[in-house]
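Quick look at the structure:
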């Protein structure tokens, strides 16, 4: 893991290697909201886009923000939450380390004719403002175990007294965390350099040590299995139709096919999980 440590410079390189594959790549198989995180389904016949928008509404509700509130989004992806939040009248500062995502979010917000969203290529460690709420959806996996405390300290600093942070995060069972953490797995080696899944108990202890109360933790692993199943089907359709950019050869396609199946199996078998939790700045209690 040391060669892929998420220092300020290391994080930029690691994020670019995964997310800067190109908007024209991800756009071929993600849903129209361009969301690259687990959806939350309310029915089996719900479209993936509807389930993603439902997830964004839930995240905003968890953060306890209302029209006019200020929100920091740590790891904004392609702007799905930022757009949904702006439509609710929230003021959003969205940060990413991906140049592709920064460009896409700016274009997206402008095309939608929305205001109140600022996007910047900024590391979470460099945020200086304070906010009514924080949202961070499947970003902490890119932080690395050495920086979990730093990430939580940044959230605590960013929240105003009484503020809430809505976090969506991927975990691995505490019983096997030590073995997992001491090795480099397939995803870390070939797909997501610098990434590491969380131990829920360790993450919770660190949150509480940084003055953040842990509330309303909700497991959503089977929702991720369904999200991945739909991504896999869309990815295969894009491959079959020749829609992927020409630079992605058969070896790359095989790698990503395996990656999507590997993750789907992990969530289906419940060896890994995804959860949402609300972190409340302690002086709000």
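Numbering (our numbering), first residue to last: -1 to 283. Where a beta carbon is used, it is the ideal one built from N, C-alpha and C, also for glycine.
Under DSSP, the beta strand (DSSP E) around residue 71 begins and ends at which residues?
Residue 71 -> beta strand (DSSP E) spans 68 to 72.
Find out if the Cβ-Cβ distance for the pair residue 68, residue 122 is shorter than 8 Å.
No, the Cβ-Cβ distance between residue 68 and residue 122 is not below 8 Å.
When the distance is taken between beta carbons, is residue 37 closer than 8 Å to residue 28?
No, these two residues do not count as a Cβ contact at 8 Å.
Do residue 261 and residue 220 have their C-beta atoms within less than 8 Å of each other?
Contact: no.
With DSSP as the reference, please indicate the residues paired to residue 271 in a beta bridge.
According to DSSP, which records beta bridges pairwise, residue 271 is partnered with 169.
Is the beta carbon of residue 167 less than 8 Å from the beta carbon of residue 138?
Contact flag set, yes.
In whole angstroms, give me the CA-to-CA distance for residue 120 and residue 252.
Going from the Cα of residue 120 to the Cα of residue 252 covers about 33 Å.
Go ahead and pull the three-state DSSP assignment for residue 213.
The answer is strand: DSSP assigns residue 213 an E or B state.
Between the alpha carbons of residue 292 and residue 215, how many angstroms are there, rounded?
Any answer about residue 292 is impossible in this case: the structure gives the chain only from -1 up to 283.
By how many angstroms is the C-alpha of residue 242 removed from the C-alpha of residue 165?
Going by the C-alpha atoms only, they are around 32 Å apart.
Tell me where the beta strand (DSSP E) around residue 131 begins and ends.
Residue 131 -> beta strand (DSSP E) spans 129 to 135.
Nearest to residue 112 by alpha carbon, out of 126, 101, 100, 86?
When each option's Cα is compared against that of residue 112, the closest is 86.
Is it right to say residue 283 is buried, meaning 16 or more other beta carbons lie within 10 angstroms of its own, or is it exposed?
Here residue 283 scores only 47 on pLDDT, less than 50, and its place in the model is too uncertain to base an answer on.
Could you give the first and the last residue of the continuous beta strand (DSSP E) run that contains residue 116?
115 to 119 is the span of the beta strand (DSSP E), which, as asked, contains residue 116.
For residue 93, which beta-bridge partners are listed by DSSP?
In DSSP, residue 93 forms a bridge with 72, 118.
Between the Cα of residue 99 and those of 174, 211, 155, 76, spot the shortest distance and give me the residue it belongs to.
Here the closest residue by C-alpha is 76.
Excluding the 5 residues preceding and the 5 following residue 223 in the sequence, name in chain order all residues of the same chain whose CB lies nearer than 7 Å to its CB.
Taken in chain order, the residues that qualify are 262, 265, 266.
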